[in-house]
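Peer 1: Using the working numbering, the final residue of the sequence shown is 232, and nothing's skipped along the way.
Attaching a single structure in structure tokens format; questions to follow.
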Amino acid sequence: MAMSKSHRKVRRQGGFALIETLIAISILAVGLLGIAALLAQLAGNSTQSRYMSTEALLASEKLDDLNRYPINDPAIAVTNGNTAGSLTADTTDTVTVGVVTETVDYFDQVRISAGNGNMVETVSGKDVNGNTVYTTTTHAPDGSITVVTGANPPVATSDMLTFSRRWVIELNPANQPAGVRRFTVLVSLNTPTAPANFQATMMR
């Protein structure tokens with residue numbers, strides 16, 4: 029009789045151990061699902077931050093380019109009203125300053141890829157005859173830089189990101205001294221399903 033009670037006690041303890049194990053597995057599964065969701069969210073935020081930091085760099089680069097032009101260069105001249113360019117559409121204008129007439133684009137595209145350890149940046153622009161040209165700058169891991177200009181962009185790669193830049197040049201903006209120009213650059217990421225935008229402004 030004593031032996032039978034002992035067996036029942038052991039079997040009862042084994043049953044409780046199985047239930048406890050199932051509860052522990054359930055709690056662990058819920059915790060792992062929560063961690064997986066958190067990691068997915070962090071990965072998305074990290075990607076978005078990378079896009080935004082690249083856009084900030086491209087906006088700063090374009091503002092520096094605009095700031096380097098002489099004050100009477102057609103690229104930054106404002107001849108019709110007080111504004112040249114647009115942030116909502118690709119705009120081209122024929123600008124005459126003195127005896128110089130140029131076709132000026134107030135937009136460009138930048139394509140960036142990082143294949144084979146190289147950082148490759150392609151910027152669209154115009155040559156002296158007004159034809160579209162593509163300048164590709166390759167930064168190699170050893171520090172060397174190669175620049176190639178041609179009529180066609182490089183072949184797209186799977187890791188290539190395409191950014192659009194548009195800018196506006198304002199002459200005598202409100203509440204500013206006469207002769208001041210304000211440059212505003214908007215950079216947009218075209219490639220991913222969730223595009224990101226970055227806008228920067230500089231006075232000159």
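Beta carbons: idealized from backbone N, C-alpha and C, even for Gly.
Since this is a predicted model, take the numbers as computed values, not measurements.
Residue 156: buried (16+ other C-beta within 10 angstroms of its C-beta) or exposed?
Peer 2: Translated into positions along the sequence shown, residue 156 becomes position 128. It is exposed - the Cβ of residue 156 has fewer than 16 other Cβ atoms within 10 Å.
Peer 1: Give the single residue among 89, 184, 55 and 224 whose Cα lies nearest to the Cα of residue 195.
Peer 2: Position 167 of the sequence shown holds residue 195. Out of 89, 184, 55 and 224, 89 has the C-alpha closest to the C-alpha of residue 195.
Peer 1: Let me know if residue 97 comes out buried or exposed under the rule of 16 or more other beta-carbons within 10 Å of its beta-carbon.
Peer 2: By 1-based counting over the sequence shown, the position of residue 97 is 69. The residue in question, residue 97, is exposed, as its Cβ has fewer than 16 Cβ neighbours within 10 Å.
Peer 1: Might you give, ordered along the chain, the residues of its own chain that have their beta carbon closer than 6 angstroms to the beta carbon of residue 165, omitting 5 neighbours on each side?
Peer 2: Along the sequence shown, read from residue 1 onward, the residue named residue 165 stands at position 137. Contacts found: 149 and 175.
Peer 1: What does DSSP give as the partner residue(s) for residue 121 in the beta ladder?
Peer 2: If you number the sequence shown from 1, residue 121 lands on position 93. Residue 121 is bridged to 132.
Peer 1: Within 8 angstroms, do at least three Cβ pairs link the stretch 102-122 to the stretch 193-212?
Peer 2: Segments in contact, yes.
Peer 1: Roughly how many angstroms separate the alpha carbons of residue 227 and residue 172, rounded to a whole number?
Peer 2: Residue numbering aside, residue 227 sits at position 199 when the sequence shown is read from its first letter. Residue numbering aside, residue 172 sits at position 144 when the sequence shown is read from its first letter. Roughly 31 angstroms between the two C-alpha positions.
Peer 1: Determine, using beta carbons only, whether residue 122 and residue 131 come nearer to each other than 7 angstroms.
Peer 2: In the sequence shown, residue 122 corresponds to position 94, counting from 1. In the sequence shown, residue 131 corresponds to position 103, counting from 1. Yes, these two residues count as a Cβ contact at 7 angstroms.
Peer 1: Taking buried to mean at least 16 other C-beta atoms within 10 Å of its own C-beta, is residue 209 buried or exposed?
Peer 2: Start at 1 with the first residue of the sequence shown, and residue 209 comes out as number 181. By the neighbour-count rule (16 or more Cβ atoms within 10 Å), residue 209 is buried.
Peer 1: Is residue 203 helix, strand or coil when you go by DSSP?
Peer 2: The residue labelled residue 203 in the question sits at position 175 within the sequence shown. Note: residue 203 maps to coil in three-state DSSP.
Peer 1: Considering only the alpha carbon of each residue, which of 231, 84, 162 and 45 lies closest to residue 205?
Peer 2: Locating residue 205 in the sequence shown gives position 177, where the first residue counts as 1. Out of 231, 84, 162 and 45, 231 has the C-alpha closest to the C-alpha of residue 205.
Peer 1: Please classify residue 136 as buried or exposed, where buried requires at least 16 other C-beta atoms within 10 Å of its C-beta.
Peer 2: For the purposes of this step, residue 136 is taken as residue 108 along the sequence shown, with counting starting at 1. Buried, since its Cβ has 16 or more Cβ neighbours within 10 Å.
Peer 1: Does residue 171 come out as helix, strand or coil in the three-state DSSP assignment?
Peer 2: In the sequence shown, the residue the question calls residue 171 occupies position 143. Reduced to three states, the DSSP call for residue 171 is coil.
Peer 1: Under 8 angstroms by Cβ, that's how I've got residue 116 and residue 133 pegged, so tell me the actual separation to the nearest angstrom.
Peer 2: Taking the sequence shown and counting its residues from 1, one reaches residue 116 at position 88. Taking the sequence shown and counting its residues from 1, one reaches residue 133 at position 105. The pair is not a contact, with the Cβ atoms about 15 angstroms apart (cut-off 8 angstroms).
Peer 1: Taking its Cβ as the centre, do 16 or more other Cβ atoms sit within 10 Å of residue 214, making it buried, or is it exposed?
Peer 2: Stepping through the sequence shown from its first residue, residue 214 is reached at position 186. Answer is buried; the Cβ neighbour count reaches 16.
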